[in-house]
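Q: Pasting in a structure now, in structure tokens, and then I'll have a few things to ask.
Residue numbers (my numbering): 850 to 1200.
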């Protein structure tokens, strides 16, 4: 009897384990049955806010291609662009809660989540020093894929449930556009109603210049500009062109007040369920897709400067040093969030 009861208990534990695996697989979108190869079949949801013309959408598609290729077809990544899964903040919440697997965001937005405050340093005005995007991106990579951010990633993933796969995707220098007032110097920004991303850190530069900042999702921005709800906005040149803001804006001031990177995050519980080999494939594929995206984005930002001129926009090359001087202390209000000395460490790491 003793042997029979032990056998029954062992079978019960096995059945429970199988049920648990099936439930976990259903929750995170992959089948309990393993693939014929060395990886389980799984379907991944990746959401972002951009239109399909954006370089980072094409980068996400590249990631999907690399994952399928490197897992012999076991992993299928479905990309959902243009806020199909919700706003940028909504998608981060969904990643945190395991509703979707991966989303694309910026450091200022991620910095609002538990444990991730220090990453907001990368969203501060002029934290990266350089005259061109070709100069700025290598400095970003030194920080984004270096030991400082890797340490932060491990710590914050445990606190938030959100892990970064890569933060080396380039988005570009953010520039200011306006409809009726040409911005040539910092004082020209004072009092303007400017749309920013929905994050206190993302509002820092414009607020320091005296603008009235209005946070809203990018999906609502064209209509807001058209109706005069806001007078201007700030984004890289590729975004300005891809979203056709030239139809509702007249001027571009090349302020370059933020050299913005993009961050690809994954649900940490799901990530930890993967084999070490599969984890490496996810990270490497995201980094390779990021290099592909970044090269394309820098080229498009350059090209779209002329495209915007062709569409009738007036582009002003402002004195960036004047804008940097006016915004140099904007980061200090966030020091309690970043942690004492972290801003200085990032600046030093990016030299």
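Using N, Cα and C, we set each Cβ at its ideal position, and we do this for glycine too.
If you draw a straight line from the C-alpha of residue 884 to the C-alpha of residue 1010, how long is it?
A: Numbered from its first residue, the chain shown carries residue 884 at position 35. Numbered from its first residue, the chain shown carries residue 1010 at position 161. At residue 884, the pLDDT of 40 sits below 50, so the modelled position is not reliable; the number obtained from the coordinates is stated separately. Each residue's Cα considered, the two are about 27 Å apart.
Q: When DSSP labels each residue in this structure, what does residue 825 get in the three-state scheme?
A: Shown here, the chain extends from 850 to 1200; a query on residue 825 therefore has no answer.
Q: Verify whether the separation of the beta carbon atoms of residue 1100 and residue 1031 is less than 8 Å.
A: Taking the chain shown and counting its residues from 1, one reaches residue 1100 at position 251. Taking the chain shown and counting its residues from 1, one reaches residue 1031 at position 182. Yes, the pair counts as a contact, with Cβ atoms nearer than the cut-off.
Q: List in chain order: all unbroken alpha helix (DSSP H) runs of 4+ residues lying wholly within the region 1028-1082.
A: The region 1028-1082 contains these whole alpha helix (DSSP H) runs: 1053-1057, 1070-1076.
Q: Among 1139, 1163, 1117, 1133, whose alpha-carbon lies nearest the alpha-carbon of residue 1097?
A: On the chain shown, position 248 is the one that residue 1097 refers to. If we check each option's Cα against that of residue 1097, 1163 comes out closest.
Q: So, under 8 Å CB-CB, residue 1042 and residue 1063 are touching, yes? Tell me the CB distance rounded to an integer number of Å.
A: Along the chain shown, one-based indexing puts residue 1042 at 193. Along the chain shown, one-based indexing puts residue 1063 at 214. Yes, residue 1042 and residue 1063 are in contact; Cβ-Cβ is about 6 Å, under 8 Å.
Q: Tell me, which residues are paired with residue 1022 by DSSP?
A: In the chain shown, residue 1022 corresponds to position 173, counting from 1. According to DSSP, which records beta bridges pairwise, residue 1022 is partnered with 1108.
Q: Within 10 angstroms of its Cβ, does residue 911 collect 16 or more other Cβ (buried), or is it exposed?
A: Within the chain shown, residue 911 is the residue found at index 62, counting from 1. Its Cβ being crowded by 16 or more others within 10 Å, residue 911 is buried.
Q: Going by the beta-carbon positions, is the gap between residue 1046 and residue 955 smaller than 8 Å?
A: As a position in the chain shown, residue 1046 is number 197, starting the count at 1. As a position in the chain shown, residue 955 is number 106, starting the count at 1. Result yes, Cβ atoms of residue 1046 and residue 955 sit closer than 8 Å.
Q: Any idea if residue 1200 is buried or exposed, counting beta-carbon neighbours within 10 angstroms, 16 or more meaning buried?
A: Residue 1200 sits at position 351 when you count from the first residue of the chain shown. Looking at its Cβ environment, which holds fewer than 16 other Cβ atoms inside 10 Å, residue 1200 is exposed.
Q: Specify the secondary structure class of residue 993 as computed by DSSP and reduced to three states.
A: What you label residue 993 is simply residue 144 of the chain shown in a count that begins at 1. Three-state result, residue 993: helix.
Q: Quick one: what's got a C-beta closer than 8 Å to residue 1061's C-beta in the same chain, skipping five residues either side?
A: Sequence index remark: in the chain shown, residue 1061 carries index 212 (1-based). Same-chain partners within the cutoff: 1040, 1041, 1042, 1043.
Q: Applying the 10 Å Cβ sphere with the 16-neighbour rule, what's the burial state of residue 1117?
A: Mapped onto the chain shown, residue 1117 falls at position 268. Under this definition residue 1117 is a buried residue.
Q: Taking the beta strand (DSSP E) that residue 1123 falls in, what are its first and last residues?
A: The residue labelled residue 1123 in the question sits at position 274 within the chain shown. Here residue 1123 belongs to no beta strand (DSSP E), and DSSP marks it neither H nor E.
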